[in-house]
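Structure record follows, encoded as structure tokens.
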Amino acid sequence: MQFQFADIVLPVPLPRLFTYSVPEEYSSTLARGQRVVVSFGKRKLMSGVVFSLHNSAPAEYETKPLLSVLDTSPVVSEAQLGLWQWISDYYQCTIGEVYKAALPSGLKLESETRLYCNPEFEDSLDLSEKGIAILDYLGDKKYGTISQLNNITGLKNSYPLIKQLIEAGALLVNEQLSEAYRPKTEAVLILHPNVRAEELLRDVFDKLARAPKQLELLMTFLQVVGGVEGAIAGKMLARKDLLRRIEGGSAALAELIKKDYLVQEKQEVDRLTPSGLPVEGKKPLSEIQARALEEVKAGFDEGLPVLIHGVTSSGKTELYIHLIEETIAKGKQALYLLPEIALTTQITNRLKVHFGDNLCVYHSKFSDNERVEVWNSMVSIEGYKVILGVRSSIFLPFSNLGLIIVDEEHESSFKQFDPAPRYHARDVAIVMAKRANCDILLGTATPSLESYYNASAGRFVLVELMERHEGMQLPLIKLVNTREAQRKKMMQSHFSLQLIGDIKSALEKREQIILFQNRRGFAPYLECTACAWIPKCKHCDVSMTYHKHIDQLVCHYCGYTESNRITCGACGSPALQLKGFGTQKIEEEIQELFPDAKVARMDYDTTRSKKGYENIIGNFELGKLDILVGTQMVTKGLDFDRVSLVGILNADSMLNNPDFRAFERSFQMMAQVSGRAGRKNRRGKVVLQTSDTTHPVLTYLVNNDYKGFYDYQIAEREMFKYPPFYRLINLRVKHRDKGVAAKAALALAESLRLHFGSRVLGPQEPPISKIQDMYLQRILIKLERSASPTKAKELMQSSINHLLSYQPWRYVVIAADVDPM
Numbered sequence: 000m001q002f003q004f005a006d007i008v009l010p011v012p013l014p015r016l017f018t019y020s021v022p023e024e025y026s027s028t029l030a031r032g033q034r035v036v037v038s039f040g041k042r043k044l045m046s047g048v049v050f051s052l053h054n055s056a057p058a059e060y061e062t063k064p065l066l067s068v069l070d071t072s073p074v075v076s077e078a079q080l081g082l083w084q085w086i087s088d089y090y091q092c093t094i095g096e097v098y099k100a101a102l103p104s105g106l107k108l109e110s111e112t113r114l115y116c117n118p119e120f121e122d123s124l125d126l127s128e129k130g131i132a133i134l135d136y137l138g139d140k141k142y143g144t145i146s147q148l149n150n151i152t153g154l155k156n157s158y159p160l161i162k163q164l165i166e167a168g169a170l171l172v173n174e175q176l177s178e179a180y181r182p183k184t185e186a187v188l189i190l191h192p193n194v195r196a197e198e199l200l201r202d203v204f205d206k207l208a209r210a211p212k213q214l215e216l217l218m219t220f221l222q223v224v225g226g227v228e229g230a231i232a233g234k235m236l237a238r239k240d241l242l243r244r245i246e247g248g249s250a251a252l253a254e255l256i257k258k259d260y261l262v263q264e265k266q267e268v269d270r271l272t273p274s275g276l277p278v279e280g281k282k283p284l285s286e287i288q289a290r291a292l293e294e295v296k297a298g299f300d301e302g303l304p305v306l307i308h309g310v311t312s313s314g315k316t317e318l319y320i321h322l323i324e325e326t327i328a329k330g331k332q333a334l335y336l337l338p339e340i341a342l343t344t345q346i347t348n349r350l351k352v353h354f355g356d357n358l359c360v361y362h363s364k365f366s367d368n369e370r371v372e373v374w375n376s377m378v379s380i381e382g383y384k385v386i387l388g389v390r391s392s393i394f395l396p397f398s399n400l401g402l403i404i405v406d407e408e409h410e411s412s413f414k415q416f417d418p419a420p421r422y423h424a425r426d427v428a429i430v431m432a433k434r435a436n437c438d439i440l441l442g443t444a445t446p447s448l449e450s451y452y453n454a455s456a457g458r459f460v461l462v463e464l465m466e467r468h469e470g471m472q473l474p475l476i477k478l479v480n481t482r483e484a485q486r487k488k489m490m491q492s493h494f495s496l497q498l499i500g501d502i503k504s505a506l507e508k509r510e511q512i513i514l515f516q517n518r519r520g521f522a523p524y525l526e527c528t529a530c531a532w533i534p535k536c537k538h539c540d541v542s543m544t545y546h547k548h549i550d551q552l553v554c555h556y557c558g559y560t561e562s563n564r565i566t567c568g569a570c571g572s573p574a575l576q577l578k579g580f581g582t583q584k585i586e587e588e589i590q591e592l593f594p595d596a597k598v599a600r601m602d603y604d605t606t607r608s609k610k611g612y613e614n615i616i617g618n619f620e621l622g623k624l625d626i627l628v629g630t631q632m633v634t635k636g637l638d639f640d641r642v643s644l645v646g647i648l649n650a651d652s653m654l655n656n657p658d659f660r661a662f663e664r665s666f667q668m669m670a671q672v673s674g675r676a677g678r679k680n681r682r683g684k685v686v687l688q689t690s691d692t693t694h695p696v697l698t699y700l701v702n703n704d705y706k707g708f709y710d711y712q713i714a715e716r717e718m719f720k721y722p723p724f725y726r727l728i729n730l731r732v733k734h735r736d737k738g739v740a741a742k743a744a745l746a747l748a749e750s751l752r753l754h755f756g757s758r759v760l761g762p763q764e765p766p767i768s769k770i771q772d773m774y775l776q777r778i779l780i781k782l783e784r785s786a787s788p789t790k791a792k793e794l795m796q797s798s799i800n801h802l803l804s805y806q807p808w809r810y811v812v813i814a815a816d817v818d819p820m
């Protein structure tokens with residue numbers, strides 16, 4: 000069928016589709032989900048996605064024609080377009096914002112998209128003169144834009160040529176060259192050709208008689224590669240695998256290489272190859288696990304989402320592996336969602352061992368070219384069978400999805416905060432599963448109140464695994480009253496004598512310790528003892544955090560830094576004092592208390608790179624570290640055999656947050672980090688420091704009573720009209736002028752009350768009232784669960800449009816966050 004017009008989704012935050020006329024050459028072949036190039040505005044070119052095709056010309060304006068079609072077949076499926084529309088409606092954003100979040104940058108080119116020459120491109124293409132001109136131009140410059148390349152080639156639309164060069168690997172999109180894709184390599188060792196004979200090796204052994212370390216290293220190498228025969232045949236061994244077996248062997252290895260006994264080479268490896276950390280093969284299920292697996296399948300047969308509530312170390316991952324294998328056997332795909340990919344090295348390795356090349360890991364650490372490759376593979380029939388990824392994985396073009404697993408479903412990391420769409424991947428996954436008619440499993444040791452409520456109400460099927468695997472016991476949790484301990488002089492800095500004694504005992508037994516403090520930096524703030532002045536960020540309404548290793552004050556909201564101050568900025572007094580404590584301070588103090596212990600810190604500052612995570616986790620698992628100090632990162636996805644003790648330094652800071660979810664988050668974080676202790680053959684211990692040992696949340700935690708905690712919290716949620724009984728919409732009103740923000744928020748709230756009445760609360764100034772030079776006001780809307788999100792969006796947008804039509808408020812920014820965390 001031929002169509003004259005196409006409605007196009009463009010990556011712009013405007014609440015509409017854009018209609019273009021379809022040239023005759025495309026009228027019979029154009030399809031929904033294909034990418035097209037269009038002219039937007041006076042001069043800008045954009046790539047968009049065909050959302051619908053029809054023969055009705057818009058009455059309001061004369062249409063422009065599509066300039067070109069970039070794909071021979073759709074790159075976005077019908078199912079994806081439907082999901083985009085649902086996300087747009089439910090999360091109160093534009094479909095253009097969803098499109099911008101969903102597609103990798105390489106699939107949504109614009110006039111100002113930055114293009115770079117790939118330095119590793121081998122010039123073997125048979126290029127046209129215009130293609131050569133593009134590469135020559137970019138070879139002399141750091142980057143070029145599509146509009147510049149149009150001028151260079153003399154083409155009105157160079158998109159098809161640029162697309163060809165990108166697909167050939169000649170051009171890179173929107174990346175600094177340092178971030179461009181390069182094959183991953185590792186150092187490997189091989190026996191030097193000069194000694195590849197038995198008699199020559201015997202001579203080498205004689206020469207190394209006086210160098211026992213070198214001889215030990217060489218003998219270990221031979222043993223691992225299959226003896227003398229394997230070494231002579233040229234078998235290789237990863238350098239890191241050899242050094243892992245011989246402590247302090249680096250110098251000896253350097254000598255063996257220098258003497259031409261071993262050769263070190265670089266070998267290209269698969270990025271998804273297990274990192275060398277110990278991994279376990281598939282285990283047979285216990286009787287309890289097998290029963291749980293049957294209950295999960297029965298839940299799937301009912302067509303409902305299944306919530307598996309399993310205590311830490313109950314073997315949930317083994318159930319996941321069995322379910323994924325069964326899904327693949329049916330010829331279907333599985334999506335395994337994790338809150339943070341960098342913290343799940345062990346799960347990644349275990350799945351890679353089971354599923355090999357059927358598994359793909361998808362996350363933000365990939366270059367854009369890699370993400371495009373994954374996307375294109377998923378569009379093809381030979382797409383990956385198992386995707387392991389973070390929240391953005393829900394946007395991939397699955398062709399035959401059979402199973403979705405949302406591991407650690409309670410995690411707030413599944414929620415996107417900025418920019419729009421501010422979606423929750425768990426909730427989108429549930430909708431996605433229903434649309435695709437596939438199974439979905441939510442797993443956690445500490446369910447979110449919303450999910451457990453849905454299970455209690457019969458909307459989900461609840462499966463419980465309340466025993467640890469292989470008879471392991473849950474840890475003993477000991478509460479220490481810090482107020483009482485300070486009064487009795489039983490505190491040493493931020494450590495109770497109880498915790499210090501337990502750390503000493505664990506170290507003597509060569510066991511490992513995790514110390515949890517959910518605040519990074521050295522000290523939360525600096526204070527003048529003379530006038531109480533506290534240095535604040537010049538761009539945000541928040542105190543600066545002191546970071547000792549760089550001797551600077553840092554804003555954790557915008558990244559602004561200042562040199563550490565010697566005198567007060569208000570009165571000039573030198574009487575400045577560090578207040579509070581973060582992970583840096585804990586790391587320093589524990590090292591002073593136990594100077595012989597090997598201590599590492601895991602927080603945002605030490606794990607900015609992918610290698611930062613892997614190195615810390617790998618070293619801790621291999622026993623190269625004794626104590627790991629960290630923020631909430633240490634609570635997620637980690638399984639260490641040697642950990643016998645967990646210390647929670649300050650429970651009060653979590654419990655006292657002014658947020659209706661504070662108790663829930665506190666219970667979840669403390670239960671999760673407690674579960675790291677005593678994972679295998681011994682019962683672990685948790686020392687929890689607090690000024691209020693009678694706090695009800697701590698009582699439920701000590702008794703491992705999630706159900707009691709749920710009943711306690713759900714009653715309050717119902718009484719005060721909070722989720723899961725009501726839906727929240729948080730409207731943030733932002734402007735560079737504080738007065739303008741306040742007046743605009745007041746006017747918007749009054750307008751909203753005409754539609755929503757007393758469901759509108761505020762406006763009010765949030766605790767942090769300025770971020771990145773923008774002053775904030777907050778309006779909260781509480782809606783009954785039965786209320787239509789689409790209708791609410793229409794009414795809200797009407798009020799917002801009315802407000803922004805007034806000249807004084809034209810530049811006010813309003814952001815909606817549905818189901819805020």
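Under numbering that gives the first Met the number 0, the residue at position 468 of the sequence shown is numbered 467, and the numbers go up by one with no gaps.
Note that CB positions come from ideal geometry on N, CA and C, so glycine has one too.
- Per DSSP, reduced to three states, the secondary structure at Ser757 is helical.
- Fewer than three Cβ pairs drawn from the segment 730 to 739 and the segment 690 to 703 lie within less than 8 Å of each other, which leaves the two stretches out of contact.
- With three or more CB-CB distances shorter than 8 Å, the segment 682 to 692 counts as touching the segment 630 to 648.
- The beta-carbon distance between Val817 and Tyr136, rounded to whole angstroms, is 45 Å. This is too long to meet the 8 Å contact definition.
- When DSSP assignments are scanned along the segment 347 to 382, the uninterrupted stretches of beta strand (DSSP E) that are 3 or more residues long and fall wholly within it turn out to be 358 to 361.
- At least 8 Å separates the beta-carbon of Val227 from that of Leu236.
- In terms of CA proximity to Gly442, Glu408 leads the group His468, Asp6, Pro765, Glu408.
- With fewer than 16 neighbouring CB atoms inside 10 Å of its own CB, Arg290 falls in the exposed class.
- Counting along the chain, Asn453 sits inside the alpha helix (DSSP H) bounded by residues 448 to 455.
- The segment 479 to 495 and the segment 562 to 573 do not touch, with fewer than three beta-carbon pairs separated by less than 8 Å.
- Per DSSP, Asp240 is one residue of the alpha helix (DSSP H) stretching across 238 to 244.
- Per DSSP, the unbroken beta strand (DSSP E) holding Tyr524 starts and ends at 524 to 527.
- Taking a C-beta distance under 8 Å as the contact criterion, Pro474 and Leu306 do not qualify as a contact pair.
- With a minimum length of 3 residues, the unbroken runs of beta strand (DSSP E) contained wholly in the segment 732 to 797 fall at 759 to 763, 773 to 783.
- Arg726 sits away from Asp602, with the two beta carbons spaced by 8 Å or more.
- Counting the other Cβ atoms within 10 Å of the Cβ of Ser46 gives 16 or more, which makes it buried.
- Per DSSP, the beta-bridge partners of Ser542 are Lys535.
- By the 16-neighbour rule on beta-carbons within 10 angstroms, Gln263 is exposed.
- Residue Glu466 holds the alpha-carbon nearest to the alpha-carbon of Ile287 among Lys41, Glu381, Glu466.
- In chain order, Gly32, Ala101, Phe394, Pro396 place their CB closer than 8 Å to the CB of Gln79, counting only its own chain and leaving out the 5 sequence neighbours on each side.
- Leu402 is a Cβ neighbour of Cys437, given a cutoff of 8 Å.
- In this structure, Cys554 keeps its C-beta atom at 8 Å or more from the C-beta atom of Cys527.
- For Asn149, the uninterrupted alpha helix (DSSP H) run begins and ends at 145 to 152, by DSSP.
- Leu448 and Pro723 do touch by the CB rule: their CB atoms are close to 6 Å apart, below 8 Å.
- By the Cβ rule, the segment 762 to 782 does not count as touching the segment 707 to 717, because fewer than three pairs are nearer than 8 Å.
- Apart from sequence neighbours up to five positions away, the residues of its chain that approach Glu663 with a beta-carbon distance below 7 Å are Leu448, Gln712, ordered along the chain.
- For the options Ile615, Ala253, Leu775, the alpha carbon positioned closest to that of Lys737 is the one of Leu775.
- For Ala599, no alpha helix (DSSP H) segment is defined; the enclosing uninterrupted segment is the beta strand (DSSP E) at 598 to 601.
- Shown here, His423 sits in a strand according to DSSP, grouped into three states.
- Pairing Leu350 with Leu318 gives a Cβ-Cβ distance that is not under 8 Å.
- The straight-line gap separating the alpha-carbon atoms of Glu507 and Leu337 is approximately 36 Å.
- Under the three-state reduction of DSSP, Val310 is assigned to coil, being neither helix nor strand.
- The beta carbon of Pro73 sits closer than 7 Å to the beta carbons of Ala30, Arg31, Gly32, Gln33 from its chain, once the five residues preceding and following it are set aside; these are given in chain order.
- The Cβ-Cβ distance between Leu188 and Leu261 falls below 8 Å.
- Of the candidates Gly674, Leu753, Val739, Asp205, Gly674 places its Cα closest to the Cα of Gln472.
- Taking a contact as a CB-CB distance under 8 Å, the pair Gly130 and Leu154 does not count as one, their CB atoms being some 11 Å apart.
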